[in-house]
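This report concerns only the one structure given below.
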Amino acid sequence: MNALRFPDDFVWGAATSAYQVEGATGEDGRGPSVWDTFAAVPGNVKDGDTGDPGADQYHRYGEDIELMADLGLDSYRFSVAWPRVQPTGTGKPNQKGLDYYRRLVDGLAERGIRPMATLFHWDLPQELQDRGGWENRDTAARFADYAEIVFDALPIRDWLTINEPKTVVECGYRFGSHAPGFTDDGRAFVALHHLLLAHGLASQVLHEQHRGRRIGPALNLHPTYPSDDTPEALEAARHQDGLENRVYLDPIFKGFYPEDTLRWISERSPMREHILEGDLVTISEPIDILGVQYYTPVFVDGSGERVFLHEKAQADWLEIYPEGMYDILARLTRDYPSVPIVITENGLPTLDVPGPDGHVRDEGRISYLRDHLTAMHRAIGEGARVEGYHVWSLLDNFEWAEGYSQRFGIVYVDYENQRRIPKDSALWFREVVKSGELR
Ligand code: GBH
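For the sequence shown, this note's numbering gives the first residue as 13, with consecutive numbering after it.
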């Protein structure tokens with residue numbers, strides 16, 4: 013087969029988030045976040061794991077930058093921990109917290125690696141949660157203040173606002189599997205509106221104060237399909253697509269919530285009462301980039317139940333379906349064409365451990381990545397404006413409610429001594445990055 017060539021200026025990178033890799037949750041004035049609180053409650057996280065010591069990137073960022081340079085990466089997507097910058101979520105910035113990110117960004121620059129920073133990857137300062145968290149409209153305003161501090165302090169061109177608002181809504185407020193651990197649809201969709209409002213307000217701040225920089229959301233999009241061709245399954249898939257995709261994309265791109273989804277939400281949540289005049293103008297502040305995270309499709313049957321038709325990964329929710337990468341990019345190109353796309357996450361957990369020779373032979377991850385990059389390449393060939401791709405994740409890390417049991421890294425982390433071992437997938441990815449080709 014001929015090699016598949018990517019555009020010369022295509023950006024290759026890897027992603028992480030603060031609570032998942034930094035560790036050092038009590039250092040240099042960092043305040044507690046909702047995830048510290050949530051993880052401290054027995055039963056919430058597998059094996060009682062917490063963000064400490066994680067991959068200890070707070071102390072080992074220098075080594076990690078060298079690792080990225082060795083892999084030839086163009087870009088590192090990381091997140092800024094709000095409770096490091098504002099320990100209680102409001103007020104004067106904590107200089108030591110900002111200094112950490114400045115050292116990280118400067119170190120990346122020395123190695124020619126571009127930073128891409130996420131403002132919020134779920135680690136809300138606990139004190140803001142105590143005041144109602146995302147159910148409280150004020151949290152969106154506090155987020156804009158925080159964003160302003162970070163924009164001023166860090167020389168970064170590309171920003172992402174909220175990581176996966178859907179996961180906060182679904183896992184944090186509907187299923188209770190993530191912080192803050194609620195199971196309440198009524199509250200969930202109020203939180204959704206305020207998360208989008210926070211996205212819009214922060215985007216406005218960047219546009220007003222920092223011309224030439226770019227900002228957008230990081231959305232986990234799930235291409236949604238009927239599992240059979242009955243009218244019931246088609247209807248269920250359309251409904252599910254509203255909850256998975258349109259309820260985030262439509263307000264951001266078009267300035268309105270999709271009517272069918274809003275009707276369904278209104279039957280279970282007072283969300284509508286929280287949509288004030290002007291909010292949708294704020295939320296639809298034009299974005300400069302769209303972060304897309306793709307892992308899995310969602311197939312639903314006529315009763316609306318999710319069904320799995322393909323091989324599953326070592327994670328219940330992840331059905332391996334590379335065509336979904338093509339489909340979601342083709343759909344964005346058709347229905348939401350205005351901005352360039354950056355793949356901000358795509359990856360697979362595997363159980364591989366170092367063999368006697370020290371190699372981690374994660375063949376499953378290599379074929380997952382190869383198949384998804386192939387699908388992405390096809391979409392680009394048909395006009396999808398994809399500028400870059402970040403694998404999730406650079407390192408094995410704290411996989412939220414699964415703790416350290418699910419390893420998504422292309423680099424293995426030995427949690428006994430924090431040693432990093434590039435897996436075979438990292439060596440494979442290095443070749444793709446270096447050649448700009450998939451062979
Ligand atoms: C992304 O979430 C996150 O951005 C990243 O932090 C994470 O490490 C990575 O992907 C891998 O998971 O409670 O039954 O719904 C992807 C979406 C949402 C998928 C939470 C797993 C938990 C199972 N994730 N979900 S459930």
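Think of the CB as a built atom: it goes at the ideal place given N, C-alpha and C, for glycine as much as any other residue.
Residue i: CB within 7 Å of a non-hydrogen atom of the ligand GBH
{"i": "residue 305", "result": "yes"}
{"i": "residue 296", "result": "no"}
{"i": "residue 420", "result": "yes"}
{"i": "residue 47", "result": "no"}
{"i": "residue 329", "result": "yes"}
{"i": "residue 132", "result": "no"}
{"i": "residue 32", "result": "yes"}
{"i": "residue 256", "result": "no"}
{"i": "residue 187", "result": "yes"}
{"i": "residue 236", "result": "no"}
{"i": "residue 56", "result": "no"}
{"i": "residue 358", "result": "no"}
{"i": "residue 94", "result": "no"}
{"i": "residue 62", "result": "no"}
{"i": "residue 173", "result": "no"}
{"i": "residue 179", "result": "yes"}
{"i": "residue 9", "result": "Here the chain covers residues 13 to 451 and nothing more, so residue 9 does not appear."}
{"i": "residue 176", "result": "yes"}
{"i": "residue 29", "result": "yes"}
{"i": "residue 411", "result": "yes"}
{"i": "residue 147", "result": "no"}
{"i": "residue 440", "result": "no"}
{"i": "residue 429", "result": "no"}
{"i": "residue 323", "result": "no"}
{"i": "residue 317", "result": "no"}
{"i": "residue 106", "result": "no"}
{"i": "residue 404", "result": "yes"}
{"i": "residue 182", "result": "yes"}
{"i": "residue 232", "result": "yes"}
Beta bridge counterpart(s) of residue i as assigned by DSSP
{"i": "residue 251", "result": "Beta-bridge pairing links residue 251 to no other residue."}
{"i": "residue 100", "result": "DSSP output for residue 100 lists no bridge partner at all."}
{"i": "residue 85", "result": "In DSSP, residue 85 forms no bridge with anything."}
{"i": "residue 431", "result": "426"}
{"i": "residue 449", "result": "17"}
{"i": "residue 331", "result": "324"}
{"i": "residue 24", "result": "401"}
{"i": "residue 456", "result": "The chain is shown only over 13 to 451; residue 456 falls outside these bounds and no answer can be derived."}
{"i": "residue 419", "result": "362"}
{"i": "residue 1", "result": "Since the first residue shown for the chain is 13 and the last is 451, residue 1 is missing from the structure and cannot be characterised."}
{"i": "residue 311", "result": "237, 319"}
{"i": "residue 120", "result": "Answer by DSSP bridge pairing: none, since residue 120 is not bridged."}
{"i": "residue 304", "result": "231, 355"}
{"i": "residue 110", "result": "DSSP output for residue 110 lists no bridge partner at all."}
{"i": "residue 137", "result": "45"}
{"i": "residue 407", "result": "423"}
Neighbourhood of residue i by C-beta distance below 8 Å, restricted to the same chain and skipping five residues each side
{"i": "residue 280", "result": "197, 198, 201"}
{"i": "residue 74", "result": "119"}
{"i": "residue 389", "result": "16, 18, 450"}
Nonlocal neighbours in the same chain, by C-beta distance under 7 Å from residue i, ignoring five residues either side
{"i": "residue 329", "result": "308"}
{"i": "residue 371", "result": "436"}
{"i": "residue 392", "result": "398"}
{"i": "residue 117", "result": "127, 166, 167, 168"}
{"i": "residue 97", "result": "105, 106, 109, 110, 158, 161, 162"}
{"i": "residue 277", "result": "201, 283"}
{"i": "residue 362", "result": "326, 374, 376, 377, 419"}
Contacting residues, own chain, Cβ-Cβ under 6 Å from residue i (five flanking each side not counted)
{"i": "residue 272", "result": "254"}
{"i": "residue 231", "result": "260"}
{"i": "residue 446", "result": "84"}
{"i": "residue 341", "result": "391, 396"}
{"i": "residue 67", "result": "33, 407, 409, 425"}
{"i": "residue 414", "result": "58"}
{"i": "residue 440", "result": "378"}
Whole-Å CB distance - residue i paired with residue j, under 8 Å assumed
{"i": "residue 299", "j": "residue 351", "result": "6 Å"}
{"i": "residue 343", "j": "residue 79", "result": "Contact doesn't hold; Cβ gap of about 35 Å is too wide."}
{"i": "residue 208", "j": "residue 177", "result": "6 Å"}
{"i": "residue 210", "j": "residue 268", "result": "Rounded, the Cβ-Cβ distance is 18 Å, inconsistent with contact."}
{"i": "residue 521", "j": "residue 20", "result": "The requested residue 521 does not occur in the structure, where the chain is confined to residues 13 to 451."}
{"i": "residue 100", "j": "residue 137", "result": "6 Å"}
{"i": "residue 123", "j": "residue 81", "result": "4 Å"}
{"i": "residue 359", "j": "residue 420", "result": "5 Å"}
Neighbour flag for residue i against chain C, beta carbons, 8 Å
{"i": "residue 168", "result": "Structure shown: chain C not included; a single protein chain is present."}
At what residue ranges does the segment 223–292 contain a whole run of the beta strand (DSSP E), taking only runs of 3 or more?
226–232, 236–238
Completely contained alpha helix (DSSP H) runs for the segment 149–196, where each covers 4 or more residues
150–165
Which runs of the beta strand (DSSP E) spanning at least 3 residues fall entirely within the segment 341–405, listed in chain order?
Entirely contained in the segment 341–405, the beta strand (DSSP E) runs reaching 3 residues are, in chain order, 353–357, 398–404.
At which residue ranges does the segment 25–83 contain complete alpha helix (DSSP H) runs of 4 or more residues, listed in the order of the chain?
30–33, 46–51, 69–83
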